[in-house]
Structures are given as C-alpha cells and as structure tokens.
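For the record, the sequence lines run as chains P and H.
Last residue of the first sequence: number 411 in our numbering, and the count goes up by one each step with no gaps.
Last residue of the second sequence: number 373 in our numbering, and the count goes up by one each step with no gaps.
The next block holds one structure in the form of structure tokens; read it before the comments.
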Amino acid sequence: MANKQISQMGLPKSIANVFAARNVFTAKDALSLTEFELMELLDVGLAQVTSAVAHISEIVCPPYQTALSLMELRVQNEHLAGHLPTHMKGLDEALCGGIPFGVLTELVGPAGIGKTQFCLKLSLLASLPANYGGLDGHVIYIDVESKFSSRRLIEIGVKSFPEIFHRKEMAQEMAGRIHVLRPASLSEFTESLQQIKVSLLQNQVKLLVIDSMAALVTGEFEHGAPRQKTLGWHVSFIKSLAEFSRIPVVVTNQVRSQSRDETCHYFFQVQSWNETIEDRTRHDSHLVAALGINWAHAVTIRLVLEAKSGQRFIKVAKSPIAPPLAFPFNITSSGILLLSDDGIELTGPDINTIHCQGLSLRFCWGNLQKNIKWMPKTTIGHY
Amino acid sequence: MEVGRLPISASQRSKLIAAGYTTLSSFSSLSPSHLARDLKISDNEAAEIMRVASHSHRLDGSAGGCGTVNGAQTAWDMLHEEEMFPRITTSCEDLDNILGGGINCKEVTEIGGVPGIGKTQLGIQLAINVQIPVDYGGLGGKAIYIDTEGSFMVERALQIAEACIEDMSECGGLLRKDSQACQLKMHPNNILENIFYFRVCSYTEQIALINYLDKFISEHKDVKIVIVDSVTFHFRQDFDDMALRTRLLSGMALKLMKLAKDFSLAVVLLNQVTTKYIDGSFQLTLALGDSWSHSCTNRVILYWNGNERYAYIDKSPSLRSASAPYSVTSKGIRNSASNCKRIKMM
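Okay, structure coming up:
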C-alpha cells in the first residue's frame, strides 16, 4: 500500500502531473514530506496540497475491522481459532490454546536448556495430520546453529505418537514435510526469508521456526549497537510474514551475562540507587536475553526457559493473554514434558530473569559438544 | 443558563423541560442519543439541540467574560468544560487517582514501559472502558485501536470485556430498574463490535491513517478514544534520516492533538523504551528522542518497583508527579495485589 503510485489514485489530472513532475511518485514519497515542504516543492497552494494529501491518505490507509469481525473470522477459518497446541496442557491453557498464529513467539534461555527440543516438537506437531491435533502442513525450519537433528525428531515422534511413526511411510511423510534451511550468514538468511515469502503465499507452510535469531548477528558483530540496527528490517519483515500468512512464527534467542553498567531503571528511580547496587552484586550471575530491548518489544510472546536449583522451568514472561506463570518441565525421550499443568504464578519482574543454576553437569556434558562456543559466555560461572 | 433562552422550537423546549432538563448544564454532558431517548425525538433533532446549546453556551460565556478575541475561550469556561467531561477510567483506582480520575478527553496521553509491563493490556482495557454506558459513569463511546505491532489479541479483549460487564452488573444491582435494560444491551460481542481495529504495516500507512482519522471520526462521531499501539514500532525500524523522522513525528503529534480537541476524544499513544547514556550510566527512557517528548500533553511511565507494577506521571500540565501501583490480572488492569485480592486464572 505504501508504494502505491500517486498517478493511479484518481487525483485531478493537473495536480497528479505536478506530483509526477517533481519526482513524487508513490504515497510513501508524498507522505514523507510535511504539507509545507510539499507546498514548496510542488509550488501549489495550501488548499490543494491539503486536499491531495487527504485523498492520498484515504486511499493508502488500511481498512478497519471491528474486533468482533476479527474474532469471528478467526474462529471460522482457522484451526482452534488460530493456535498451534504445544500438547503441554498447562501451557496451552495459559496461552488460550497454544502458540498463536500471526505473531512472533520467542523462546529464550541458556544453552542446553531445551529450546531446540521445544522447536523440534513444535515442528512435528505442525506436520501431524489434523485428527492428531496437528496442522497438517509443511514446516520451514531455519537452523542457524546447525542444531537440527532428524534422528532426534523421529525419536520424539516415535515416542509421543507411536501410532503414526511406527509405520515407516508415515514417518517418512511427516519428516518430509519439515524443510530445514541452513543460512551461514545474515545475508544468506535475508535471501532465504525472501524466498520463504513466496512459498508462504502458496499456503502450505504452517509453521516457521528460526533457531536462533541471536546466532545470526552475534556471528557478525561483537557489540550490541550494530546488532540492533541490522535486525530492524528483519524484525519488521518476519512480523509481516507471520501476519499475512497467518502462521505461528517461533524464534529462539540466546542469553548473555548482564554487564555491570547496564541498568534497568528510569531517572526518577534514583532514590533506590543504593538498593540497586546491592541488588546487582547479589545477582551477579544474572543472564539477560542476547538481543536487546528493541527486539524484546517486537516479540508478542516471550517464553523463558531456565534452570533453578537443578529444576527446569518454562515461564510465560511476556504475553498479552497469559498471566505470568512458571511451569516445571523435563526433557525426556519423547521431548519436552511439563511436570505439572498447574503453573506457579509469579509476581514482579522475576518473570523476566533467566537463571541457570544447577543444570546437572551430566546433562551439560551431553550438550557440551554442540554448545562449546557458548559455554564460557553463559554458564561457566556457576561451577 | 436556562433552557428557556435557547433558540429552539417551542415543542422541543417543552420536551426538555418536561424531561427535567431546565438548565443547559443539566444535559450538555449527555450524548445526543441519550438525549434523543429521553425526549423521544430523533437522533438528528437531539444532535441539533446539543449543537445549539453548546453554541449559545459559548456566546453566553464570552458575553460575560472577554469577547475581544474571536475563537478564544476563557480559562473559566475551559475549567467548566473540563469538569463536564467524564474521564475514562483505567479500572485501577490508584491509577485513576493519580491521573485525576482517569484518562482525560481532549488530551494526548503517552504511556511507555519495558516489554511485558502491560502497555497493550492498558490499551485494550481503555478501548473497553470507554464503552461503559453513561448510566454507569462512563462515556458510552467507541474506540479506535491502531495496531502497529500486531500485538492486539481478540481473545484477551473478550476476557476483559466479559470481566467489565460482570463488574458493571455487580454495581448495577443498585439501580435495578436500569440495569436490566443495560444488561440486554451490553454483551461482550457488542463491546468488541465497537472497537475499530486498524492494522498498520508501515510508517507511511501510519501517517496516512492519522491523516484520514479526521474524516473517519466525523463519520463515526461516537468514537471517544484513539489508541495507537505503539506509536514507535515503524519509526524505530525503517529510518535512517533522523531529522526527517522528527519532522514526521511532530507533524503526526500535532494532528493527533487537533483530533483530540476537535472531537473531544482521548488520544493514547503507547511508546517503547530505549536505553540512553546519561551522566556516565545507562538509563531507561521512552523511545523517539527528546523532541518527541514535547509532543504529548501527559506522559505516564510504567515500571517495575520491586515486585509490583507502578505507573509514574512523568509529565503533565495539571497533575503533580506521583506514582501508583497497579496490577494486570485475568480480568484486566486492576488495583495492585496488595490492595485487593488477586484472582488466579488457573
């Protein structure tokens, strides 16, 4: 809509020609100027400019829907009113049915906590036939860190849905629906995103997984500042992909340790300064999400996976629907499993903190191989 | 001013007096449709009466005060007008208190905070609360929700709408006669139907929409609140030229302010936060820079204080800076957990 040609908008011929003569071709060109700038550029009166801008605006502006029609549309057209169930009962209930379509859902947590396991399980679920609670569709899995394991995928499938995966041709069909992309750099990733757009339009893909978003940029930049900038375009693009194809998009994010000079306070909170210093020394081992606050604003749902005294938890840290709940979970051969479907309700900013305490050493060894480059950064402090 | 002095037809005047509206102020805060119902006249006729009333009201004021400048309003009139306009409650008493009763119509209020603090929740809550009928102390208006991030969730809006109706029918028990009529009218679906939802996918569309709102609202006069969630998103992603960004943003802010004044509606802008390097340390501030911070009449910052969510009035011409706790529950925005028992969802 933004790039719509002004000449196609049915403006009076005389004024449309003036726009064209001054190289103002699209709605974006015109609306990026203030009315006075336009007056000067086009050399026409204010009244004409105002009416032209009003006309352009009306054509470019998106149509409205009432919230009711929005809801009815979803209930009618979409599986479970637009949710992909995770088959973790407690979590599904909290999220009103599962991972919602059309928005970004982020998994953030330390290495080896189970983010990839979660993604694998979701990919399987999306590919399952509808009568098993799946979406009966294809999955695009962007595997940046080369962590995707087909063997593990099939194992989870066999253990959780034996009736499907014991038949070899079914297993083949399910696994055949999951397309793994392995971009090696940000520019390759950008390219594959654009290709994905095309296949999404053909409506067969029901889930997009990006594992992980942080690895894409940490590979290229060492410091925080350029990272935020580079991702700006990607954030918008991925969000619009999710929106227009109405599929769930799941992205993972890594963690890094919080550096000392980072505060999370406003200027008017100085009175509690002493307390915060104390706070910070006490929680020295705190981890924060690798992608910063700009990214955090962009995701609609954030699930934090953490370990506290040896127990893993999955926390609904940001969600417009779910209350701040934490569920203990475990990773078994059939994938990620909740130990309890009753979430523990958390109060305060605790919901956002990421712990990595007492993740059993044995487990870490198992994962050390694949995570070796992240170990020193995130977890070594705890042993 | 007495109704008898209004330049309206004799039959309309007698209807007004018969319905108990003897002075101008007794009915000027009503919506035209409400007046139409009371007087059993058509909506158009009621709107005409309202127009005439507000017109002569202004004349009356300027005759007594200063009629020297055309189009100016005396401070006294403004005070009167301000008092007449009900505010939009946030459903959290403490928050309403520091806001002087709620979100003010005719003003632009900016609300910012870290991810997950409850900005969108507050936005949805306001879109629903603006619809609380006049009988229950609300505005009985409609809402425009401009979603730039895709974070509006209908499921959540439905939850909050249901809770809102529940609360109303509880307090409506006192006015038993009225409440029946109202219960019939208020169904969650009606509430959802009165939220006009615009999904904006680029900053060009955002500017276009703000330009177009003027026309849209003249066609939908009941709209009493415009919520932009968030004003920041596209302006944060797509810009290299910061001077251009500032120009466009301030142009947009001016248009929003004009909308708020012209149609007596509340404009609520949700903003994101960013970190800024001040005096040798990083601090959180609202995004879009310093010149933007002049654009809004009121600025409210949501933040974590210990284990509780707090709202802080950062800037306001009429309110003192203060902070108050609030909480986000399954029913929506409510008083903080320490003040009222929190209802668990599960």
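C-beta atoms are modelled at their ideal positions from N, C-alpha and C, and glycine is treated no differently.
The structure displayed is predicted, hence computed values, not measured ones.
Quick one: what's residue i bridged to in DSSP?
i                : result
Ile382 (chain P) : P:Leu315
Ser350 (chain H) : H:Tyr339
Ser285 (chain P) : P:Leu315
Ile342 (chain P) : P:Leu333, P:Phe355
Ile125 (chain H) : None, per the DSSP bridge assignment.
Val295 (chain H) : H:Thr136, H:Ile254
Gly376 (chain P) : Answer is none; Gly376 (chain P) lacks a bridge partner.
Just to confirm before moving on: does the CB-CB distance between residue i and residue j stay below 9 Å?
i                : j                : result
Thr136 (chain H) : Val295 (chain H) : yes
Gly168 (chain H) : Asp249 (chain H) : yes
Arg326 (chain H) : Ile138 (chain H) : yes
Ile173 (chain H) : Asp256 (chain H) : yes
Ala170 (chain H) : Phe223 (chain H) : yes
Ala158 (chain P) : His107 (chain P) : yes
Gly125 (chain P) : Leu152 (chain P) : no
Asp241 (chain H) : Lys282 (chain H) : yes
Leu150 (chain P) : Ile266 (chain P) : no
Leu33 (chain H)  : Leu66 (chain H)  : no
Leu181 (chain P) : Leu148 (chain P) : yes
Phe341 (chain P) : Met116 (chain P) : no
Asn380 (chain P) : Lys336 (chain P) : no
Phe53 (chain P)  : Ser35 (chain P)  : yes
Glu134 (chain H) : Thr328 (chain P) : no
Gln152 (chain H) : Thr101 (chain H) : no
Gln148 (chain H) : Asn221 (chain H) : no
Please return the same chain residues whose Cβ sits closer than 7 Å to the Cβ of residue i, not counting the five positions on each side in sequence.
i                : result
Val283 (chain P) : Val136, Gly137, Pro138, Leu315, Val316, Ala317, Ala318, Ile382, Thr406
Thr309 (chain P) : Unreliable placement is indicated for Thr309 (chain P), whose pLDDT of 42 sits below 50; the coordinate value is still reported in the next sentence. So the list is empty, once near-sequence residues are dropped.
Thr78 (chain P)  : Glu63
His311 (chain P) : A caution first: His311 (chain P) carries a pLDDT of 46, below 50, which makes its placement in the model unreliable, though a value can still be read off. Here the set comprises nothing.
Tyr48 (chain H)  : Val30, Phe54
Leu315 (chain H) : Thr259, Phe262, Leu276, Asn298
Asp120 (chain P) : Pro113, Thr114, Gly126
His83 (chain P)  : Met37, Leu39
Ala203 (chain P) : Ser178, Leu181, Ile182
Asn217 (chain H) : none
Is the CB of residue i under 9 Å away from at least one CB in chain H?
i                : result
Asp378 (chain P) : yes
Ser102 (chain P) : Going by the sequence as given, residue 102 (chain P) is Arg instead of Ser. Answer yes: the Cβ-Cβ gap between Arg102 (chain P) and chain H drops below 9 Å somewhere.
Glu63 (chain P)  : yes
Lys225 (chain P) : no
Ala30 (chain P)  : yes
Asp296 (chain P) : It should be noted that the sequence gives Phe, not Asp, for residue 296 (chain P). It does: the Cβ of Phe296 (chain P) has a partner Cβ on chain H nearer than 9 Å.
Go through its chain and collect everything with a Cβ distance to residue i's Cβ below 6 Å, but skip five positions before and after it.
i                : result
Ser273 (chain P) : Leu228
Ala350 (chain P) : Ala122, Leu123, Val344
Gly128 (chain H) : Arg114
Asp164 (chain P) : Pro157, Ala158
Would you mind telling me which residues of chain P sit closer than 7 Å to residue i, beta carbon to beta carbon, in chain order?
i                : result
Glu137 (chain H) : Those do not exist, as Glu137 (chain H) stays about 14 Å from chain P at its closest Cβ, beyond 7 Å.
Trp319 (chain H) : Those within 7 Å of Trp319 (chain H) in chain P number zero; the least Cβ separation is about 15 Å.
Glu335 (chain H) : Gly376
If we cut at 9 Å on Cβ distances, does residue i have a partner in chain P?
i                : result
Arg114 (chain H) : no
Asn221 (chain H) : yes
Ser119 (chain H) : In the sequence as displayed, the identity of residue 119 (chain H) is Cys instead of Ser. No, because no Cβ of chain P sits closer than 9 Å to the Cβ of Cys119 (chain H).
Pro344 (chain H) : no
Thr50 (chain H)  : no
Asp265 (chain H) : yes
Arg183 (chain H) : yes
Ser53 (chain H)  : no
Tyr163 (chain H) : no
Phe179 (chain H) : yes
At a CB-CB cut-off below 8 Å, which residues of chain P make contact with residue i?
i                : result
Tyr239 (chain H) : Ala82, Ser85, Glu86, Cys89
Lys242 (chain H) : Ala82, Glu86
Give the interface partners of residue i over in chain P, defined as CB-CB distance under 9 Å, in chain order.
i                : result
Asn374 (chain H) : Because residue 374 (chain H) is not part of the residues shown, which for chain H are 28 to 373, the question remains open.
Gln148 (chain H) : Pro348
Phe225 (chain H) : Cys89, Pro90, Pro91, Tyr92, Gln93
Ordered along the chain, which non-local residues of its own chain (more than five positions away) have a Cβ less than 8 Å from that of residue i?
i                : result
Asn302 (chain P) : Its pLDDT being 46, under 50, Asn302 (chain P) is placed unreliably in this model, and the value from its coordinates should be taken loosely. So no residue of the chain qualifies.
Ser354 (chain H) : Cys119, Glu335, Arg336, Ile360, Arg361, Asn362, Ser363, Ala364, Arg369
Ser81 (chain H)  : Ser55
At 8 Å on the CB atoms, spell out the chain H contacts of residue i, in chain order.
i                : result
Arg330 (chain P) : Pro142, Gly143
Asn322 (chain P) : Arg263, Gln299, Thr301
Phe129 (chain P) : Within 8 Å Cβ-Cβ: nothing; Phe129 (chain P) doesn't reach chain H, min ~11 Å.
Gly260 (chain P) : Arg263, Gln264, Asp265
Quick one: which chain H residues come within Cβ less than 7 Å of residue i?
i                : result
His325 (chain P) : Pro142, Gln299
His293 (chain P) : Gln310, Leu311
Below 9 Å on C-beta distance, what does residue i contact in chain H?
i                : result
Thr218 (chain P) : Simply none; closest approach about 15 Å.
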